[in-house]
């Protein structure tokens, strides 16, 4: 089994590169004063071969009992768990070919169905694999569906019928013999369903008999997916979505015109919604009144629009298997409520009552209620005094109080509204805040002051607050009431006495308290959000300004629950638990302005923003962490020994359910040194301020994810050896005593030999002096002419600047005799440079049998109707130099670009190849098309791909090869007409590892400039193996160094380079 982790162990590899292991420093991300913060900004994460996936063309996804995710791909399977990728291929015992389906039986065994390799079983303890093929009685080696049945039995759907495997024995289902089975499903009632290709849908009842369901044009063709629930069977066909209920087939439109949309996967969620994976993206139907059908596509973040499989992981995220990679979508964790009355509405108030219902107050559209299954909507037409809702409270009698634009009232426990307005004594509207005191009286804040109300006394004004706009009221644990005013600060009322906090000598600088702006934490501290001066904390009679970690100092809401403080601001939502801080913004929220936050049922969090409502369901899956190295040294049995006490660098390895480190925060504490954990947002940690005395120290680390799940602590023991006793020699040199005396004895014996060697030593030193003199001359010359060899933006054309791809280049050259190659990788990964170097190597190749003629073609921006014309234009411009006779009569010279077709290209190419064969005889000729930016073909019609395939499958292919390069090259989406289907050898262009990155940085300046180890480590960590980014850092760092007249590249130079690069990227 091959293993890949998302972050290479940079420090361990660099330790092998440099002889002095303590000469390099790690990247430092200093924690801000107070609390370091993580950030959660995107609903999407996408994984491809660049991240560890075996192939980006994924056919199936499955969640196993241990929480691992399995993905079926073209040449095997990939397993993902806690951020670590592993793969199984034919080398590991898996049948060769594409894996279509994956399932697991109750005994823990994983089953795989292959397109050509039959059925395979991997045991629960990881032994792979026992296989079944036609040689064992399987109806076909094309296995399309597996359905577990008990501990070890499985139903097996093949291209030639349905079978059952139990106790090692295969049994054919006669009723479905010869029928191609696409998928299988089981309903809650135990009924088994089987979908066929063109022969309908079948069911197996409890009596064990199979029967065909009623026929319908809706299911007369291919049926790819089944989902059974609540007496209804959903089916995915080659012509959209349909369902079967009560003996009737009904079409379920996904969009206005979904004719021809292939439905490959159907999945229900915990809220009753339906997810549908299709050839046109993923559709989500909440199946709630007033909710539109949503669609997720590549332009929104999905890896590709061809969605073949879906599953939810243990955190609640949706994983989608597509033809261009795998995507993890957190939209089920961060679910924007699409209920029409709440769409694009500013949410002012939120409340989850004691029965678990959630009430939502909006700025312009009244009140909404979620009872756990359905939404209800209340407006002025249904009893509210108006549609502006600013405050909500449940009193001690279970009544829901609502502060509105023109009054205040409550929803009675019996149902119905009762409202109180100015005519009933209410002073000031709108009602902005509501609280209940220990005596049961209700207090209401408004734009004109405050009121209190009781059953017996009715409504009465509060004269102490007359004329003041009250935005927030809180009843604290000591039964005091706190009032936050708009321009008058804070007031406290307790035991009949009023105190104006804003007039005391210890008063904070704020004046304007935010709506929903006061909260109290578990320790009794008071938190106050303001419009003008950020966030404040009041504890033990002292005020403290706390803006660290906030996205904006314009605070819009403050709430405390779940052992965390939640702060809504104009820039997003911030959560802190006293140990660390997390910022939520970006696509996880409909709008960055958060006006209300409240706890929901079962640990959910409701978030009201300026343009909608979100229900956030934090996952409970804890991350993991381990200490990977200390000063570049990996712990052995949990121990790292340091020769001195200079603690320089700690590297952590970590992972979580999402596989991304972007949302992980690291807490690190060195026992006896750190009073409390240091907090970082990066696993590379520098300890440049720590000098340890001899002894043992425990280093403890935690990882915390965006949902505030903390890992178990990881520990490493650091042992600092005591200093050695030394002998001071003449001249002040210190030598360890335990080695001095043996060396002295040996020195006496070797005195004669040393005398003889003296001459050689003198000559060696003379050569070293000359070498240093020459180096000094080179450095002076380099400074004088501002020598800077690094390249940024342009392809690498000089062979001496082309690093780390030599082995890959040789691999491609060896394969090109009979094969064509597809190179894919991220942008700026060096694909264009590789093609250029490949062209150079092909021109210089001295092959006894073949003459290689490279033709470079840049397809960027090429229109579909000019595609074949451009290919011939590039080909003719190269081949014409080989032809000494009169040039052949090419259609290319007669046709316009728009009229030049694939058949014209094939005819012209045949003429050129025939002429070229005569020139190079007796050797053979092979023209290699080096096509860059091949992604352009993704936007062409399918017909163009068929035409290109026809050329590469014709006899011309004997003398025609290709190397195509792109980022997300369309790999056929499972259709035989694609030019990529089983035609090209796939090669992923991966980022450089640490040694390769260091080589690229050091080799160009060797003998001229020198790299500080800390500078080198900084660049290696930040460039993440991207050649273009490494060159950028080198270029800018050398420029900065030269400006200061130095020949040594320091950490200051690379940090200046980092600022330049980041500034250019943001601009």
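Numbering (the working numbering), first residue to last: 141 to 1207.
Heads up, the beta-carbon is just placed ideally off N, CA and C, and yes, glycines get one too.
> Would you call the region 695–713 and the region 451–466 in contact, with 3 or more CB pairs under 8 Å?
Replying inline: Between the region 695–713 and the region 451–466, the count of C-beta pairs closer than 8 Å stays below three; the two stretches do not touch.
>> Quick test of your reading: residue 589 and residue 601, contact by CB under 8 Å. State the CB separation rounded to the nearest angstrom.
In response: Within the chain shown, residue 589 is the residue found at index 449, counting from 1. Within the chain shown, residue 601 is the residue found at index 461, counting from 1. Correct: roughly 6 Å between the Cβ atoms.
> If you run the structure through DSSP and keep just helix, strand and coil, what is residue 1026?
Replying inline: Stepping through the chain shown from its first residue, residue 1026 is reached at position 886. In this structure, residue 1026 counts as coil in the three-state DSSP scheme.
> Hey, out of 610, 604, 583 and 837, whose CA is closest to residue 597's CA?
Replying inline: Here residue 597 corresponds to residue number 457 of the chain shown, with the count starting at 1. Looking at the Cα atoms, 583 is the closest of the given residues.
> Near residue 351, what residues of its chain come up, given a Cβ to Cβ distance below 7 Å and the 5 sequence neighbours on each side ignored?
Replying inline: Position 211 of the chain shown, counted from the start, is the residue given in the question as residue 351. So the list reads 342 and 343, once near-sequence residues are dropped.
>> If I measure Cβ to Cβ from residue 1191 and keep anything under 7 Å in the same chain, skipping five residues before and after, which residues do I get?
In response: One-based indexing of the chain shown puts residue 1191 at position 1051. These residues qualify, in order along the chain: 1152, 1154, 1155 and 1158.
> Does the separation of the CB atoms of residue 1056 and residue 1096 fall below 8 Å?
Replying inline: On the chain shown, residue 1056 is found 916 positions in, with the first residue counted as 1. On the chain shown, residue 1096 is found 956 positions in, with the first residue counted as 1. Their beta carbons are not under 8 Å apart, which means residue 1056 does not touch residue 1096 by this criterion.
>> For a test of the three-state rule: what should DSSP assign to residue 1113, helix, strand or coil?
In response: Start at 1 with the first residue of the chain shown, and residue 1113 comes out as number 973. Per-residue confidence for residue 1113 stands at a pLDDT of 37, beneath the threshold of 50, marking its modelled position as unreliable; the derived number appears in the next sentence. In this structure, residue 1113 counts as helix in the three-state DSSP scheme.
> How long is the line joining the alpha carbons of residue 1179 and residue 927, rounded to whole angstroms?
Replying inline: To locate residue 1179, count along the chain shown from 1; it is residue 1039. To locate residue 927, count along the chain shown from 1; it is residue 787. About 9 Å.
> Alpha carbon to alpha carbon, how far is residue 675 from residue 633?
Replying inline: The residue you call residue 675 lines up with position 535 of the chain shown. The residue you call residue 633 lines up with position 493 of the chain shown. Rounded to whole angstroms, residue 675 to residue 633 spans 22 Å at the Cα level.
> Across which residues does DSSP place residue 288 in a beta bridge pair?
Replying inline: Along the chain shown, one-based indexing puts residue 288 at 148. DSSP output for residue 288 lists 294 as bridge partner(s).
>> According to DSSP, simplified to helix, strand and coil, what is residue 964?
In response: The residue you call residue 964 lines up with position 824 of the chain shown. Strand, per DSSP.
> Looking at the structure shown, is residue 994 part of a helix, part of a strand, or coil, going by DSSP?
Replying inline: Along the chain shown, one-based indexing puts residue 994 at 854. Note: residue 994 maps to strand in three-state DSSP.
>> Between which residues of its own chain and residue 391 is the CB-CB distance below 7 Å, once the five residues before and five after are set aside?
In response: Within the chain shown, the letter at position 251 stands for residue 391. Closer than 7 Å at the Cβ level, and outside the excluded window around residue 391, lie 358, 380 and 382.
> Is DSSP giving residue 1044 helix, strand or coil here?
Replying inline: As a working note, residue 1044 is residue 904 in the chain shown. Three-state DSSP puts residue 1044 in a helix.
>> Taking the beta strand (DSSP E) that residue 225 belongs to, which residues open and close that run?
In response: The sequence position of residue 225 within the chain shown is 85, counting from 1. Unbroken beta strand (DSSP E) run through residue 225: 224–228.
> Excluding the five sequence neighbours on either side, which residues of its own chain have a C-beta within less than 6 Å of the C-beta of residue 186, listed in chain order?
Replying inline: Taking the first residue of the chain shown as 1, we reach residue 186 at position 46. Same-chain partners within the cutoff: 443, 465 and 467.
>> Need the endpoints of the alpha helix (DSSP H) that residue 512 sits in, please.
In response: Sequence index remark: in the chain shown, residue 512 carries index 372 (1-based). No alpha helix (DSSP H) holds residue 512; DSSP gives it neither H nor E.
>> One question on the structure: do residue 1002 and residue 1067 come within less than 8 Å of each other, judged by their Cβ atoms?
In response: In the chain shown, the residue the question calls residue 1002 occupies position 862. In the chain shown, the residue the question calls residue 1067 occupies position 927. Going by C-beta atoms, residue 1002 is not nearer than 8 Å to residue 1067.
> In terms of DSSP beta bridges, what is residue 425 paired with?
Replying inline: Mapped onto the chain shown, residue 425 falls at position 285. The partner list for residue 425 (beta bridge, DSSP) reads 414.
> How close, in whole Å, do the beta carbons of residue 412 and residue 424 come, if the pair is a contact with beta carbons under 8 Å?
Replying inline: The count along the chain shown starts at 1 and reaches residue 412 at position 272. The count along the chain shown starts at 1 and reaches residue 424 at position 284. Beta-carbon to beta-carbon, residue 412 and residue 424 are separated by about 12 Å, too far to satisfy the 8 Å threshold.
>> Please tell me whether residue 277 and residue 316 are closer than 8 Å, where the distance is taken between their beta carbons.
In response: Working through the chain shown from its first residue, we reach residue 277 at position 137. Working through the chain shown from its first residue, we reach residue 316 at position 176. Result no, Cβ atoms of residue 277 and residue 316 do not sit closer than 8 Å.
>> Looking at residue 237: is its Cβ nearer than 8 Å to the Cβ of residue 212?
In response: Position 97 of the chain shown, counting from 1, holds the residue named residue 237. Position 72 of the chain shown, counting from 1, holds the residue named residue 212. Against a cut-off of 8 Å, the Cβ pair of residue 212 and residue 237 comes out as no contact.
>> Distance check for residue 792 and residue 166, CA to CA, integer angstroms please.
In response: Counting from 1 along the chain shown, the entry for residue 166 is found at position 26. Counting from 1 along the chain shown, the entry for residue 792 is found at position 652. Model confidence at residue 166 stands at a pLDDT of 31, short of 50, so the residue's coordinates are unreliable and nothing is read from them.
>> Can you tell me whether residue 449 is helix, strand or coil according to DSSP?
In response: Position 309 of the chain shown holds residue 449. Residue state, collapsed to three classes: strand.
>> If distances are taken between C-alpha atoms only, which option among 1061, 1059 and 1084 comes closest to residue 1040?
In response: Taking the first residue of the chain shown as position 1, residue 1040 is located at position 900. Among 1061, 1059 and 1084, the Cα nearest to that of residue 1040 is on 1084.
> Going by the beta-carbon positions, is the gap between residue 415 and residue 754 smaller than 8 Å?
Replying inline: Translated into the one-based positions of the chain shown, residue 415 becomes position 275. Translated into the one-based positions of the chain shown, residue 754 becomes position 614. No, these two residues do not count as a Cβ contact at 8 Å.
>> Can you give me the C-alpha to C-alpha distance between residue 1169 and residue 1163, rounded to a whole angstrom?
In response: Position 1029 of the chain shown, counting from 1, holds the residue named residue 1169. Position 1023 of the chain shown, counting from 1, holds the residue named residue 1163. So the alpha carbons of these two residues sit roughly 5 Å apart.
> By Cβ distance, which residues of its chain are closer than 6 Å to residue 1008, with the 5 residues on each side in sequence left out?
Replying inline: Mapped onto the chain shown, residue 1008 falls at position 868. Closer than 6 Å at the Cβ level, and outside the excluded window around residue 1008, lie 1040, 1042 and 1045.
>> On the criterion of 16 or more Cβ atoms from any shown chain inside 10 Å, does residue 257 qualify as buried, or is it exposed?
In response: Here residue 257 refers to the residue found at position 117 when the chain shown is read from its first residue. So residue 257 counts as buried.
> Relative to the alpha-carbon of residue 950, which residue among 218, 931, 979 and 930 has its alpha-carbon at the smallest distance?
Replying inline: Counting from 1 along the chain shown, the entry for residue 950 is found at position 810. Residue nearest to residue 950 within the set 218, 931, 979 and 930 is 979 (criterion: CA-CA distance).
> CA-CA distance, residue 803 and residue 856?
Replying inline: The residue labelled residue 803 in the question sits at position 663 within the chain shown. The residue labelled residue 856 in the question sits at position 716 within the chain shown. Cα-Cα distance, rounded: 24 Å.
>> Counting C-beta neighbours from all protein chains within 10 Å, is the total for residue 852 16 or more, i.e. buried, or is it exposed?
In response: Within the chain shown, residue 852 is the residue found at index 712, counting from 1. Its Cβ having fewer than 16 others within 10 Å, residue 852 is exposed.
>> According to DSSP, is residue 1134 part of a helix, a strand, or is it coil?
In response: Taking the chain shown and counting its residues from 1, one reaches residue 1134 at position 994. DSSP places residue 1134 in helix when its eight states are reduced to three.
> Which residues in the same chain as residue 548 place their Cβ atom closer than 6 Å to its Cβ, once the five residues preceding and following it in sequence are excluded?
Replying inline: Translated into positions along the chain shown, residue 548 becomes position 408. Contacts found: 560, 571 and 584.
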